[in-house]
Every structure is written in structure tokens, then in C-alpha cells.
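Inspection log for the structure reproduced underneath, given as C-alpha cells.
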Amino acid sequence: MLEYMDRRDFFGPLWKIVGGLRKLYDIIYGQDRCNSRLRRIEKYEYTLEALREALVNALTHRNYFDPGDVRVFIYPFKITFINPGSFPPGVSPDKPIHKPRNPILSQYMYDMGFMEKYG
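Quick look at the structure:
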């Protein structure tokens, strides 16, 4: 994780961080490539919707008792989202059940229109 392309810090309420996702998209693809509609339409490897989903999940399902940051690493060939904590008890990649770590925050993000209720 020592070789990354860019570093930006985003602070504030979760809804502002998610609402500012366009800044992350512009960092990844370059602002000039995102704003022009008169030129050819480029197909991006990561859609804005996929990045939103990853960011919302990282912010909503993190362990807020751990003081670490949610981090997004942008590499030439991949993007990695890292949040403090691990899967809630009883949940694993082999056993992906709906069990939000932060149910009130999950409901809030759903009510704000940032996430689907059950995935």
C-alpha cells in the first residue's frame, strides 16, 4: 500500500462524504473525461454506482469503536476500500447473512437514499 497514485482526505458527515463521491470519480478518471458530453462516450472500468456502493458499505459497516479511518487506495489496476473492523459475529464471506454492524446507521443511510435496505 505504499505505492498509490493520489491521496486526498475527506471529512464531514457521512452524507456529505458520499455526496462528494464525484470528486473521487474525477480523481480516478480525470475531471475532463467526466464532464464532456460532446465527445465519444468512454466505458469506465468502475461505474459511479459501483464506487458509491463500495464507499457507502465501507462507511456504514465499519467498526466505529476502532479509531482507524476508512481508506480508499487507487492503484493503476485496482481500487481498494478498507475500513476498520471485520465481519460481525456469525458473518463471513462463506456465510454472507444480512446482519448490519450499525443497524441505526444502516437505516439512516437507507432513508437518505444511499443504500438498499437488504443489499
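When we follow this note's numbering, the leftmost residue of the sequence shown carries the number 14, and every step to the right adds one.
Note that the Cβ used here is the ideal one computed from N, Cα and C, for glycine as well.
Please report the straight-line C-alpha distance between residue i and residue j, rounded to a whole angstrom.
i: LEU107; j: SER99; result: The amino acid at residue 107 is misidentified as Leu; the sequence shows Asp. C-alpha separation (whole angstroms): 14 Å.
i: LEU27; j: TYR57; result: 26 Å
i: PRO102; j: PRO89; result: 34 Å
i: PRO113; j: ASP39; result: 30 Å
i: TYR123; j: LEU68; result: 14 Å
i: ILE30; j: SER119; result: 15 Å
i: PRO80; j: HIS74; result: 14 Å
i: ASP22; j: THR60; result: 21 Å
Any heavy atom of the ligand PLP closer than 7 Å to the Cβ of residue i?
i: ARG35; result: Ligands displayed in this structure: none; no statement on the ligand PLP is therefore possible.
Looking at C-alpha atoms only, which residue of the options is the closest neighbour of residue i?
i: ARG84; options: ASN76, ASN96 and THR73; result: ASN96
i: HIS111; options: GLU129, PHE94, ASP124 and LEU34; result: GLU129
Is it buried or exposed, residue i, if we count other Cβ atoms within 10 angstroms and call 16 or more buried?
i: TYR77; result: exposed
Determine the extent of the alpha helix (DSSP H) in which residue i is found, giving its start and end residues.
i: ILE30; result: 27-32
i: ILE117; result: 116-124
Kindly indicate the opening and closing residues of the beta strand (DSSP E) around residue i.
i: ARG75; result: Element bounds for ARG75: n/a, residue is neither H nor E.
i: ILE87; result: 84-87
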